[in-house]
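Student: Residue numbers for the sequence shown, in numbering that gives the first Met the number 0: 0 to 155. Just so it is clear, CB atoms sit at the ideal spot from N, CA and C, and this is done for glycine as well. Would you mind keeping the following structure in view while I ask a few things?
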Amino acid sequence: MKKMIIFLGIIVVLLGSLTWLTSQQQTQEAEGNPFGKDQLHQSTIDQLDDPLYANVILPNEMDEILGNEENKTVYYYSPQCPACDDVTPMLVPLAEEENVDLQLFNVLEFPEGHYGYDIEGVPTVIHYEAGEEQERLEGGQEEDVYRSFFQSVVTE
């Protein structure tokens, strides 16, 4: 019985150590990230060095833009969304080509984006005029649909 208690104690210590090390590693990888959070999901950490995901917007910045009645185009995405993985490499360069300042909002890290900005699914692109939603595109679209959106809605 005594050996069993010692064995279980060793297992608990090993599991606790492993959990702590994993947490420390994620904290270290997330350090200095543009999301201003100590802990990030691994899929977000994997995108930190990808220039396609550099132009992020945070919830407090989003609230400020809407409160100040500014114009803004925002791409709501999740790093765990397969459709977003397909859309982002096409959408971000297209926005640059069309001279659209496209801000990226990560709904995985900030799930309040779903209900705070009425996001039912990702990917979603919304253009705000004077702090109010002007138009949106939901779901993965073809490049010509996004181009038309940028040309007719955003750069009018």
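Between which two residues does the alpha helix (DSSP H) containing V59 stretch?
Tutor: Checking the displayed sequence, the identity of residue 59 turns out to be Asn instead of Val. P58 to G66 is the extent of the alpha helix (DSSP H) around N59.
Student: Taking the alpha helix (DSSP H) that E97 falls in, what are its first and last residues?
Tutor: Careful: E97 lies outside any alpha helix (DSSP H) and carries neither H nor E.
Student: Take L93 as the anchor and find which of E142, P33, V11 and K1 has the nearest alpha-carbon.
Tutor: The candidate whose alpha carbon is nearest that of L93 is E142.
Student: Give the DSSP-derived three-state secondary structure of H40 in the structure shown.
Tutor: Three-state result, H40: coil.
Student: Which residues mark the beginning and the end of the alpha helix (DSSP H) in which V144 is found?
Tutor: Note, V144: alpha helix (DSSP H), E142 to F148.
Student: What is the residue span of the alpha helix (DSSP H) that Y116 lies within?
Tutor: It is not in any alpha helix (DSSP H) - Y116 carries neither H nor E in the DSSP assignment.
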